[in-house]
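What follows is one structure encoded as structure tokens, with my remarks underneath.
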Amino acid sequence: AQTVTQSQPEMSVQEAETVTLSCTYDTSENNYYLFWYKQPPSRQMILVIRQEAYKQQNATENRFSVNFQKAAKSFSLKISDSQLGDTAMYFCAFMKLRGAQKLVFGQGTRLTINP
Amino acid sequence: DGGITQSPKYLFRKEGQNVTLSCEQNLNHDAMYWYRQDPGQGLRLIYYSQIVNDFQKGDIAEGYSVSREKKESFPLTVTSAQKNPTAFYLCASNFGADYGYTFGSGTRLTVV
Chain A
1 AQTVTQSQPE
11 MSVQEAETVT
21 LSCTYDTSEN
31 NYYLFWYKQP
41 PSRQMILVIR
51 QEAYKQQNAT
61 ENRFSVNFQK
71 AAKSFSLKIS
81 DSQLGDTAMY
91 FCAFMKLRGA
101 QKLVFGQGTR
111 LTINP
Chain B
1001 DGGITQSPKY
1011 LFRKEGQNVT
1021 LSCEQNLNHD
1031 AMYWYRQDPG
1041 QGLRLIYYSQ
1051 IVNDFQKGDI
1061 AEGYSVSREK
1071 KESFPLTVTS
1081 AQKNPTAFYL
1091 CASNFGADYG
1101 YTFGSGTRLT
1111 VV
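These protein sequence lines map, in sequence, to chains A and B. Position 100 of the first sequence, counted from 1, bears residue number 100 in the numbering used here, the numbering being contiguous throughout. Offset between the second sequence (1-based) and the numbering used here: plus 1000.
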């Protein structure tokens, strides 16, 4: 079974700073997807960024980028020039490609951006 | 607009009562999922369905039941056998792995 671990329950940074959220996972699969989801106070789950395991290039989406280390099974999220609207819970998630496409989530990191 | 609609937004259940949470999607997605969210535990999979008239248990299915009679609908029943049902429930759907899931806005269930 796959597991996803987020070791930082809470983080807090000042507006405009850069912050990195950590995520590690355990799997015997070779082909899979990794995701970061954001859950603001409204509790709506929003996809931030995704990474295909077979791609070596790290994914980027505007101010959001990942550092994907397949051998180390690590998938961190970097938020540059953080904004007050980035305040949210962030979940790392894993999906294998074989069989049912179930998302396995980490425990989440509560990120607060301070003005 | 295409999306997933969950209702009600808030639901209160008395001890020993069954309640049903609604989930409807108009995205033409084949697969649908139910997750439970508790503080500090992330999201845990309750049930999922990859096709109409078929569904499988997730990691925490005890005390829950589902049906998938239509592609658009995947209701979740929280039965009296679920001893600690107070939680936030999220429904999701997807069509292939490429873009992850689309989520509904959730239902907050409280036992009174």
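We put the CB at the ideal spot given by N, CA and C, even for glycine.
Can you tell me whether A:D86 is helix, strand or coil according to DSSP?
Reading the first sequence from its first residue, position 86 is the one you call residue 86 of chain A. DSSP places A:D86 in helix when its eight states are reduced to three.
May I have the straight-line CA-CA distance separating A:I79 from A:T20, to the nearest angstrom?
The sequence position of residue 79 of chain A within the first sequence is 79, counting from 1. The sequence position of residue 20 of chain A within the first sequence is 20, counting from 1. So the two alpha carbons sit approximately 6 Å from each other.
Output yes if chain A places a C-beta closer than 8 Å to the C-beta of B:S1105; else output no.
As a first step, residue 1105 of chain B must be located in the second sequence, where it is residue number 105. B:S1105 counts as touching chain A.
Please state the DSSP three-state secondary structure of B:E1062.
For this step, residue 1062 of chain B is matched to residue 62 along the second sequence. B:E1062 falls in the coil class under three-state DSSP.
If the cut-off is 7 Å on Cβ atoms, which residues from the region 71–101 of chain A count as contacting chain B, listed in chain order?
Against chain B - using a Cβ distance shorter than 7 Å - the residues of the region 71–101 of chain A are F91, M95, L97, A100, Q101.
Give every residue of the same chain whose Cβ lies closer than 6 Å to the Cβ of A:T87, excluding the five residues on either side of it in the sequence, and list them in chain order.
In the first sequence, the residue the question calls residue 87 of chain A occupies position 87. Here the set comprises T112, I113.
Listing by chain order, which chain A residues have their CB less than 8 Å from the CB of B:A1097?
One-based indexing of the second sequence puts residue 1097 of chain B at position 97. Y33, M95, L97, Q101, listed in chain order.
Listed from N- to C-terminal order along the chain, which residues in the region 1034–1048 of chain B have their beta-carbon within a distance smaller than 7 Å of any beta-carbon of chain E?
The question asks about chain E, but that chain is absent: this structure's protein chains are A and B.
Pull up the distance between the alpha-carbon of B:M1032 and that of B:D1059, whole angstroms please.
Counted from its first residue, the second sequence places residue 1032 of chain B at position 32. Counted from its first residue, the second sequence places residue 1059 of chain B at position 59. Their Cα atoms are separated by approximately 15 Å.
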